[in-house]
Amino acid sequence: MARFTLVNRAQWLPIAATILFTAALTALLAYGMQRASRLQSASAALQLASELGAQPSLLRSELTLIQRGLETRTYVGDSLRTVATSNTASERSFKELAARINEAQLQRDAAISSRLNSATASWQPINQQLQALANARSDQLYADSVSGSALTLRGQQLKDAVDEVLTAQTQQMRVLTTSLGELAGALRGAVVQNGQSLRSLLLAGTALAGMLLAMMLYFALRARRSQAAARNAQHQVENILGTVREGLFLVDREGVIGAAHSDSLASLLHCTSPAGQSLEDLLRPLVTEKTLTAATKYLGLLWKDRVNEELIESVNPLNCIEVSLARGQSGRENRYLSFMFRRARDAGDYLLVAVADISDQVLLQQELEQLKSSSDSQGELLLQLLRIDPQQLEALLVSANQAFRRCNALLTAPGKEASKLREKVNGVFRELHSVKGEAAALGLEGFASRIHQIEDILAGLRAQDELSGDQFVPVVTKLDDLIGYAASLGEARERVASLPQQLPGPQQRQTPSGGDETVPIIPTLPSAPMQAAALESLLKSLAGEVSRAYSRSVQLKLDGLQDVPPEHANRIKDICVQMVRNSVAHGIEAPEKRAVAGKPPGGTVRIKFEHADADNYGLLIEDDGQGLSYEHILNRALQLNLLRPTQAVEMDRAAVLRLIFHPGFSTAKTVSEHAGRGVGLDVVNAMVRDCGGRIGISTAPGQYTRFKVLLPKSATLQSSAA
Amino acid sequence: MNAEVMHRLMVVDDSNVIRRRIERAHDLPGIEFVGAARNGVEALEMHARLKPTLVTMDLTMPEMDGAECVEKLVARDPELRILVISALADKLTAIEAIEKGASGFLCKPFTDRQLNDALRKLITG
Numbered sequence: 001m002a003r004f005t006l007v008n009r010a011q012w013l014p015i016a017a018t019i020l021f022t023a024a025l026t027a028l029l030a031y032g033m034q035r036a037s038r039l040q041s042a043s044a045a046l047q048l049a050s051e052l053g054a055q056p057s058l059l060r061s062e063l064t065l066i067q068r069g070l071e072t073r074t075y076v077g078d079s080l081r082t083v084a085t086s087n088t089a090s091e092r093s094f095k096e097l098a099a100r101i102n103e104a105q106l107q108r109d110a111a112i113s114s115r116l117n118s119a120t121a122s123w124q125p126i127n128q129q130l131q132a133l134a135n136a137r138s139d140q141l142y143a144d145s146v147s148g149s150a151l152t153l154r155g156q157q158l159k160d161a162v163d164e165v166l167t168a169q170t171q172q173m174r175v176l177t178t179s180l181g182e183l184a185g186a187l188r189g190a191v192v193q194n195g196q197s198l199r200s201l202l203l204a205g206t207a208l209a210g211m212l213l214a215m216m217l218y219f220a221l222r223a224r225r226s227q228a229a230a231r232n233a234q235h236q237v238e239n240i241l242g243t244v245r246e247g248l249f250l251v252d253r254e255g256v257i258g259a260a261h262s263d264s265l266a267s268l269l270h271c272t273s274p275a276g277q278s279l280e281d282l283l284r285p286l287v288t289e290k291t292l293t294a295a296t297k298y299l300g301l302l303w304k305d306r307v308n309e310e311l312i313e314s315v316n317p318l319n320c321i322e323v324s325l326a327r328g329q330s331g332r333e334n335r336y337l338s339f340m341f342r343r344a345r346d347a348g349d350y351l352l353v354a355v356a357d358i359s360d361q362v363l364l365q366q367e368l369e370q371l372k373s374s375s376d377s378q379g380e381l382l383l384q385l386l387r388i389d390p391q392q393l394e395a396l397l398v399s400a401n402q403a404f405r406r407c408n409a410l411l412t413a414p415g416k417e418a419s420k421l422r423e424k425v426n427g428v429f430r431e432l433h434s435v436k437g438e439a440a441a442l443g444l445e446g447f448a449s450r451i452h453q454i455e456d457i458l459a460g461l462r463a464q465d466e467l468s469g470d471q472f473v474p475v476v477t478k479l480d481d482l483i484g485y486a487a488s489l490g491e492a493r494e495r496v497a498s499l500p501q502q503l504p505g506p507q508q509r510q511t512p513s514g515g516d517e518t519v520p521i522i523p524t525l526p527s528a529p530m531q532a533a534a535l536e537s538l539l540k541s542l543a544g545e546v547s548r549a550y551s552r553s554v555q556l557k558l559d560g561l562q563d564v565p566p567e568h569a570n571r572i573k574d575i576c577v578q579m580v581r582n583s584v585a586h587g588i589e590a591p592e593k594r595a596v597a598g599k600p601p602g603g604t605v606r607i608k609f610e611h612a613d614a615d616n617y618g619l620l621i622e623d624d625g626q627g628l629s630y631e632h633i634l635n636r637a638l639q640l641n642l643l644r645p646t647q648a649v650e651m652d653r654a655a656v657l658r659l660i661f662h663p664g665f666s667t668a669k670t671v672s673e674h675a676g677r678g679v680g681l682d683v684v685n686a687m688v689r690d691c692g693g694r695i696g697i698s699t700a701p702g703q704y705t706r707f708k709v710l711l712p713k714s715a716t717l718q719s720s721a722a
Numbered sequence: 001m002n003a004e005v006m007h008r009l010m011v012v013d014d015s016n017v018i019r020r021r022i023e024r025a026h027d028l029p030g031i032e033f034v035g036a037a038r039n040g041v042e043a044l045e046m047h048a049r050l051k052p053t054l055v056t057m058d059l060t061m062p063e064m065d066g067a068e069c070v071e072k073l074v075a076r077d078p079e080l081r082i083l084v085i086s087a088l089a090d091k092l093t094a095i096e097a098i099e100k101g102a103s104g105f106l107c108k109p110f111t112d113r114q115l116n117d118a119l120r121k122l123i124t125g
């Protein structure tokens, strides 16, 4: 609203000011006109007064001429006519003078009116006498006789009249002259005054006109400036819309896309002209029917004021959609698009929509998750290596390094022709593929999957019709990553080798009929006297390694391991290794978290072997860590679709805890990759069940987790790797 | 926090586990847990009895559709604040429920913290 008022003010101000100034100027000019016509009248009056001022002396001289003429008996007709004409003219002039003075509105001026009155008063008697004189005839004024010419009676009468006028009116004429002179002076003053005020008015008018001009110039300039600013803003908006990678557009209540949108919108949605089309129509070929329905309803929801923005945002069905877009002439490409909606109703009834291609982020996220799952943590890598024959591992690393060198040689070899490039692809493929086989045989899934990724890229290159050197960049990058991984494997191997000497290698194991493909889970232990010490040493080293890898501080307390019978030795070793790893990695909290909970910074893992009863051995594995969370287990299981919500309802606590033995629970994210690796609790469970044993769990949140394994005393000697 | 404003929370969910989780989350100040219903029909019946001010409702329940239940509850008490809970993939149902008057949305699976945040927003928003 405020904006509209401002716009109105900006528009109305110049108009109002112009009207005001023009009105003032018009009034000033009208007044000026009036003053000018008064000035004109005053000037005319002044002229009349001046002319009249000359009349008395003119009349006097004419009368004197008549007087002289009569005395010398000459013709006086002309002079008589002149007097008559002059008298009439003067009379008229007096009337006109009065009229002009009235026109000039000077009758209220005391000086002028008194003088006019005095002049008129002096003129009246003169006028009357002259009137009489003017009627006199000019013939038969003289009669000739022998003594010369003499005045006739008529002549004598005329002479007497002239003499009388001259004597009687001399005084009046003087007064008249004086009055008219003074009147002319007063009128001159009035003319000057009128002229001055007219000049002032003209000055004011000029100033006003100047101001009006200046104001109009100012508004014109301002309009130009705001037009320039508007053009600039429009230009900027166009620039933004042209440059921005997101698709930005407005959608009206009917769901129709507005005319102004960013250039990238068309390419993002793969359509030629989105403007004027309905968003629904554009989405239809891209998303599922259900998503489209949701999107349509969602758009409806956006117009509802009562629903708050945050809530609306949380149910946006288009915040991450996978769309299949046509690419090139054949082929389609899957992209991830994110639509964001904002109510922008201040600027009219529109929704502002931003659509972005988030494929890179989504794919990166997916890749990160994949990396996270495939790149084993240090602890897991160590565990993996613990169960691999060091000689086999050594052999693998040697052959892998040779293969890497050959790959590098192939890739750096000269030759840019298609056939050479194709040779390179096939050569690298061959080299790596054999390494992959070896790595997979040893159960090094992370290693194998890395090679697999390179093989995928190579397979892609094989399928291409034309090859260029540039296309090898990802191969080189991934190969670098692989070489780095192999190096870390080598380092880990050295750390395993530095474990205490009494830890026996698999070459010492006593497998009665161990085939070549029997890969032991953990190096097999020697017979009774050495086994307890070796197992204790192994577990302590392992606990140390794993706790370093996970930044934990852990104390391992072992009890009764010397009583482990040979038939369970391998099994108990495998169980203990897994359980210690589990306890350290997942049970014991980080020192700072323990401190918050009021626990000592170092956690304790206790393993106790005992004769539980007449039929069973007991193996107790206990840690004072965070305990198992029922909710966490249930959520995870629901998340992984290991059970349905309806099943969850039926479960008691013990059943919930048993979910952790479910295959795919502990290593769910990598279940296919690491199947058979034997590091999950499901494997422990399987080992225990295989020999007829049982596992029990008890836990208290924040306090402890306790596994109690019962193994039958009657179990025959089995290979734990069965 | 404020003893005068006490919100009465009713949980509507067919899963025992989630029901119990929400019941436990009522340690939020200002929320008093008053009862739990297993389905929409039960929810309507209990609403009449318990007069809750807050409801959390799973949208996929037997007996009655969650969105329909939201509509009926809001028709009875327009001031009632309902938090609908549904799976991330099922936004259509959530949108329908909000259309019908739900005031909040929580997507499954959720943590206790997310639940508490959602309930807090339901009270304050």
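From first to last, the protein sequence lines stand for chains A and B.
For the first sequence, counting from 1, position 462 maps to 462 in my numbering; every step adds exactly one.
For the second sequence, counting from 1, position 106 maps to 106 in my numbering; every step adds exactly one.
Glycine residues also receive a C-beta, built at the ideal position from the N, C-alpha and C atoms.
Throw me the rounded Cβ distance for the A/Leu642 and A/Thr699 pair, which I believe falls under 8 Å. About 19 Å; that fails the 8 Å criterion.
Measure from the alpha carbon of A/Ile588 to the alpha carbon of each residue in A/Phe447, A/Pro56, A/Arg552 and A/Ala190, then state which is nearest. Each of A/Phe447, A/Pro56, A/Arg552 and A/Ala190 was checked against the Cα of A/Ile588, and the nearest Cα belongs to A/Arg552.
Reduced DSSP category for A/Gln105 - H, G, I as helix; E, B as strand; rest coil: Here A/Gln105 sits in coil by DSSP.
Which whole-angstrom value is the C-beta distance of B/Met6 and B/Gly30, which I expect to be below 8 Å? The pair is a contact, with the Cβ atoms about 6 Å apart (cut-off 8 Å).
Using three-state DSSP, classify B/His7 as helix, strand or coil. Secondary structure at B/His7: strand, using DSSP grouped into helix, strand and coil.
Once DSSP output is grouped into helix, strand and coil, what is the label at A/Tyr218? Looking at A/Tyr218 - three-state DSSP - the assignment turns out to be helix.
Name the residues in the stretch 315-347 of chain A whose C-beta lies less than 8 Å from a C-beta of chain B; which are they? When CB distances to chain B are screened at a threshold of 8 Å, the residues of the stretch 315-347 of chain A falling below it are Val315, Asn316 and Pro317, in chain order.
Could you round the C-beta distance between B/Ala67 and B/Glu96 to whole angstroms and report it? I think they count as a contact, below 8 Å. About 4 Å separates the CB atoms of B/Ala67 and B/Glu96; that is less than 8 Å, so the two are in contact.
Beta strand (DSSP E) runs contained entirely in the stretch 88-175 of chain A, provided each spans 3 or more residues: Complete beta strand (DSSP E) runs here, min 3: 142-145 and 148-151.
N- and C-terminal bounds of the beta strand (DSSP E) containing A/Glu322: Bounds of the beta strand (DSSP E) holding A/Glu322 are Ile321 to Ala326.
Helix, strand or coil for B/Phe110 per DSSP? The answer is coil: DSSP assigns B/Phe110 none of H, G, I, E or B.
Alpha-carbon spacing of A/Ala99 relative to A/Ser41, whole angstroms: Between A/Ala99 and A/Ser41, the C-alpha separation is close to 9 Å.
Residues in the stretch 608-637 of chain A having any Cβ partner in chain B nearer than 8 Å: Against chain B - using a Cβ distance shorter than 8 Å - the residues of the stretch 608-637 of chain A are Glu631, Leu634 and Asn635.
Considering only C-alpha positions, which residue in the set B/Asp77, B/Ala102, B/Met10 and B/Glu99 is nearest to B/Glu32? Per the Cα distances, B/Met10.
From this set, A/Phe249, A/Ala184, A/Leu58 and A/Leu80, which residue's C-alpha is nearest A/Met173's C-alpha? The residue with the shortest Cα to Cα distance from A/Met173 is A/Leu58.
Less than 8 Å separating the beta-carbons of A/Thr705 and A/Leu620? No.
Environment of A/Arg92 [buried if 16+ CB atoms lie within 10 Å]: Of the other Cβ atoms in all chains shown, fewer than 16 fall within 10 Å of the Cβ of A/Arg92; this residue is therefore exposed.
Using a beta-carbon distance cut-off of less than 8 Å, what residues from the stretch 90-105 of chain B approach chain A? Of all residues in the stretch 90-105 of chain B, Lys91, Leu92, Ala94, Ile95, Glu96, Ile98, Glu99, Ser103, Gly104 and Phe105 have a Cβ within less than 8 Å of some Cβ in chain A.
So B/Ile22 packs on B/Met57, CB below 8 Å; how close in whole Å? Not confirmed; about 10 Å, so no contact.
Near A/Val323, which residues of its chain fall below 6 Å by C-beta distance, leaving aside the five closest residues on each side in sequence? Sequence-distant Cβ neighbours of A/Val323 in its own chain, meaning closer than 6 Å and more than five residues away, are Leu286, Arg335 and Leu337.
Looking only at DSSP bridge pairs, what is A/Thr64 linked to? DSSP output for A/Thr64 lists no bridge partner at all.
Chain A contact for B/Arg81 (CB, 8 Å cutoff): Chain A has no Cβ within less than 8 Å of the Cβ of B/Arg81.
Around the C-beta of A/Trp303, are 16 or more other C-beta atoms found within 10 angstroms, so that it is buried, or is it exposed? So A/Trp303 counts as exposed.
Within the 8 Å Cβ cut-off, does A/Ala668 reach chain B? Because A/Ala668 carries a pLDDT of 36, less than 50, the predicted location of this residue cannot be relied on, and the following value inherits that uncertainty. Between A/Ala668 and chain B, the shortest Cβ-Cβ separation is not below 8 Å.
On the three-state DSSP scale, how would you describe B/Gly66? B/Gly66 falls in the helix class under three-state DSSP.
Please report the distance separating the alpha-carbon of A/Arg387 from that of A/Leu558. Between A/Arg387 and A/Leu558, the C-alpha separation is close to 22 Å.
Within 10 angstroms of the Cβ of A/Asp224, are there 16 or more other Cβ atoms? Answer buried if so, exposed if not. In the sequence as displayed, the identity of residue 224 of chain A is Arg instead of Asp. A/Arg224 is classed as exposed because its beta carbon has fewer than 16 other beta carbons within 10 Å across all chains shown.
Identify every run of the alpha helix (DSSP H) within the stretch 12-63 of chain B, keeping only runs that are complete inside it and at least 4 residues long; order them along the chain. For the stretch 12-63 of chain B, whole alpha helix (DSSP H) runs of length 4 or above, ordered along the chain, are 16-24 and 40-50.
When you compare each of A/Gln47, A/Gln124 and A/Gln703 to A/Ser583 by their alpha carbons, which one comes out closest? Closest option to A/Ser583, Cα to Cα, is A/Gln703.
Please confirm whether A/Gly247 and A/Ser262 have their CB atoms less than 8 Å apart. Yes. Within cutoff.
Counting only beta-carbon separations shorter than 8 Å, does A/Thr293 have a partner in chain B? Answer yes: the Cβ-Cβ gap between A/Thr293 and chain B drops below 8 Å somewhere.
With DSSP run on the structure shown, which of helix, strand or coil describes A/Ala190? Looking at A/Ala190 - three-state DSSP - the assignment turns out to be helix.
Considering only the beta carbon of each residue, do A/Leu279 and A/Val251 sit closer than 8 Å? A/Leu279 places its beta carbon less than 8 Å from that of A/Val251.
Presumed contact (8 Å Cβ cut-off) between B/Arg120 and B/Leu28, rounded CB distance: The Cβ separation is near 7 Å, so the contact holds.
Meets three-Cβ-pair contact criterion under 8 Å: the stretch 595-603 of chain A and the stretch 643-657 of chain A: No: the two stretches stay apart, fewer than three of their Cβ pairs being nearer than 8 Å.
Under 8 Å, do A/Lys290 and B/Leu92 count as touching if we go by C-beta distance? It is a contact, given that the beta carbons lie within the stated cut-off.
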